[in-house]
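A.B. asks: Just passing along the structure, written as structure tokens.
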Amino acid sequence: MADSDSSRWLLNLQGRCLMTCALLLLAAVSSEQLSENFYDAKCLQAMSIIKQKVDKFVNADRSVAASLMRLHFHDCFVRGCDGSVLLNSTESMLTEKEALLNKGSIRGFEQIDEIKYELEHACPGVVSCADILAVVARDATVKLGGWSWPVFLGRFDGVVSFADEVNGSLPTRLDSYAKLVATFAKVGLDAKDMVILSGGHSIGKVHCGAFFERLYNFQGLNITDPSIDPSFAAFLKKQCPQTNPLDFTALDTTNGTFDSAYYHDLLTNRGILQSDVALLSDPLGVEYAIKAVSDPQSFLFEFGQAMIKMGNAPGPAPYGWRKHCAFVEHKPC
Ligand code: HEM
Numbered sequence: 484m485a486d487s488d489s490s491r492w493l494l495n496l497q498g499r500c501l502m503t504c505a506l507l508l509l510a511a512v513s514s515e516q517l518s519e520n521f522y523d524a525k526c527l528q529a530m531s532i533i534k535q536k537v538d539k540f541v542n543a544d545r546s547v548a549a550s551l552m553r554l555h556f557h558d559c560f561v562r563g564c565d566g567s568v569l570l571n572s573t574e575s576m577l578t579e580k581e582a583l584l585n586k587g588s589i590r591g592f593e594q595i596d597e598i599k600y601e602l603e604h605a606c607p608g609v610v611s612c613a614d615i616l617a618v619v620a621r622d623a624t625v626k627l628g629g630w631s632w633p634v635f636l637g638r639f640d641g642v643v644s645f646a647d648e649v650n651g652s653l654p655t656r657l658d659s660y661a662k663l664v665a666t667f668a669k670v671g672l673d674a675k676d677m678v679i680l681s682g683g684h685s686i687g688k689v690h691c692g693a694f695f696e697r698l699y700n701f702q703g704l705n706i707t708d709p710s711i712d713p714s715f716a717a718f719l720k721k722q723c724p725q726t727n728p729l730d731f732t733a734l735d736t737t738n739g740t741f742d743s744a745y746y747h748d749l750l751t752n753r754g755i756l757q758s759d760v761a762l763l764s765d766p767l768g769v770e771y772a773i774k775a776v777s778d779p780q781s782f783l784f785e786f787g788q789a790m791i792k793m794g795n796a797p798g799p800a801p802y803g804w805r806k807h808c809a810f811v812e813h814k815p816c
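So the sequence shown is numbered by our numbering: it starts at 484 and just counts up by one.
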């Protein structure tokens, strides 16, 4: 057995032992058993602690909201919503954080740690990291103008996280519409959910290098993608000179506000990522974009519904709970 295989085998064995323990205590809690008031009896102040913290972070730096919201998405698509995206690597485990699609791109870990610290102080051993991500995603979205949605709670935290599981689990910026649909289907989301959740790009920023092909080397021809609105392409080139792939630009034209402008951008040839633009390659994507622009409120509502559905992505097993979101610490049965 290769070294990485044997360490993974050991971790899996450890995981199976923990699972037996967790199953005895907790029975198999499935996503259908999540409940909105899960913490009411155990930690009544949990929701207000999280909200106050998110308010504080976003008041200090509005751009944090997007990063916090995205963490829940990256968590749920790999091993289900089990907080595995938050785990630090160890000697025997290279975690999701280190994967190419995540490293240097996902942010917000310090903020989650601060929230967890406060929750552990108020109600030790109660609130899971996976649930914190789900609530934070909602509160951050609302803080930037999105509509609220009920967050169903009671997720367990995982004890493993593997960088090599990220590829193939998360969608990528170069994916076609069909590929995006297939990737979302793996976590129980349909094409419409995919189109709606892509509206997450209504907020936040993107590294310039993530769309350089479209600006500077479309189809390997050293030209700009002719489908980009020319004045927008000129604007992007100013924002993102070819020499600076690590600079950032906004993902949509109103990126400090959560709204349906992302779809207006798509329809006016101002989409940024190839995967964003790909939404319009299918009639469903076009139809939805037109609807979101003509009825922005329906998008704000449907985004919340799709986030609830995404938050149900089941993890491999109900392992338990972590005291610190970045580390595994076993709670005795
Ligand atoms: C449809 C497939 C998706 C692809 C291919 C994709 C890809 C990307 C990429 C490449 C970036 C920029 C990363 C960087 O430059 O470091 C990004 C940023 C972002 N994505 Fe997505 N994404 C997708 C879906 C989603 C979904 C479903 C959500 C949330 C519900 C979301 C929320 C965000 C946010 C908020 C940011 C900005 C983060 C920040 O400013 O820190 N994305 N995405």
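Even for Gly, the Cβ is constructed at its ideal location relative to N, Cα and C.
If I measure Cβ to Cβ from S611 and keep anything under 7 Å in the same chain, skipping five residues before and after, which residues do I get?
C.D. replies: G566, R638, F639, D640, W804
A.B. asks: Helix or strand or just coil, what does DSSP make of R689?
C.D. replies: Note that residue 689 corresponds to Val in the displayed sequence, not to Arg. Residue state, collapsed to three classes: strand.
A.B. asks: Which of helix, strand or coil does DSSP assign to N585?
C.D. replies: Per DSSP, reduced to three states, the secondary structure at N585 is coil, with no helix or strand assignment.
A.B. asks: Does the contact criterion of 3 or more C-beta pairs under 8 Å hold for the stretch 740–760 versus the stretch 710–723?
C.D. replies: yes
A.B. asks: Verify the contact flag: F731, CB atom, against every heavy atom of the ligand HEM, threshold strictly below 8 Å.
C.D. replies: yes
A.B. asks: May I have the straight-line CA-CA distance separating H684 from Y745, to the nearest angstrom?
C.D. replies: About 7 Å.
A.B. asks: Can V689 and A674 be called in contact, C-beta distance under 9 Å?
C.D. replies: In this structure, A674 does not lie closer than 9 Å to V689 by Cβ.
A.B. asks: Please state the DSSP three-state secondary structure of A661.
C.D. replies: helix
A.B. asks: Leaving out five residues on either side along the sequence, give the residues of the same chain with a beta carbon under 6 Å from the beta carbon of F549.
C.D. replies: In the sequence under discussion, the amino acid at residue 549 is Ala, which differs from the Phe named in the question. Excluding residues within five positions, the ones whose Cβ falls inside 6 Å are I686, G687.
A.B. asks: Answer yes if the stretch 647–658 comes into contact with the stretch 582–598, meaning at least three C-beta pairs across the two stretches below 8 Å, and no otherwise.
C.D. replies: Contact between the stretch 582–598 and the stretch 647–658 is present, because at least three Cβ pairs lie under 8 Å.
A.B. asks: Relative to the ligand COA, is the shortest distance from any of its heavy atoms to the C-beta of L616 smaller than 8 Å?
C.D. replies: In terms of ligand content, the structure shown lacks the ligand COA and carries the ligand HEM instead.
A.B. asks: Measuring alpha carbon to alpha carbon, tell me which residue in G682, G768, E770 is nearest N738.
C.D. replies: G682
A.B. asks: Suppose you measure from the CA of N705 to the CA of I589; what does that come to, to the nearest Å?
C.D. replies: Those two C-alpha atoms are separated by around 30 Å.
A.B. asks: In or out: S644 buried (at least 16 other Cβ within 10 Å) or exposed?
C.D. replies: buried
A.B. asks: In the DSSP output, what is A733 paired with across the bridge?
C.D. replies: K688
A.B. asks: Could you compute how far the alpha carbon of F556 sits from the alpha carbon of M793?
C.D. replies: The straight-line gap from Cα to Cα measures roughly 8 Å.
A.B. asks: At 3 residues or longer, and completely inside the stretch 731–801: list those beta strand (DSSP E) runs for me, N to C.
C.D. replies: Runs of the beta strand (DSSP E) lying entirely within the stretch 731–801 and spanning at least 3 residues, in chain order: 731–733.
A.B. asks: Quick check: does the Cβ of A796 come within less than 8 Å of any heavy atom belonging to the ligand HEM?
C.D. replies: no
A.B. asks: Which residue from F540, K539, D614, D765 puts its Cα closest to that of Y522?
C.D. replies: D614
A.B. asks: Does the contact criterion of 3 or more C-beta pairs under 8 Å hold for the stretch 775–782 versus the stretch 654–668?
C.D. replies: As far as the Cβ criterion goes, the stretch 775–782 does not touch the stretch 654–668, which means the pair count is below three.
A.B. asks: Can you give me the Cβ contacts of P633 inside the same chain, cut-off strictly under 6 Å, excluding the 5 residues immediately before and after it?
C.D. replies: E519
A.B. asks: Hey, R553 and G591: beta-carbon distance below 9 Å or not?
C.D. replies: yes
A.B. asks: Taking a contact to mean a Cβ-Cβ separation below 9 Å, would you say L756 touches L734 in this structure?
C.D. replies: yes
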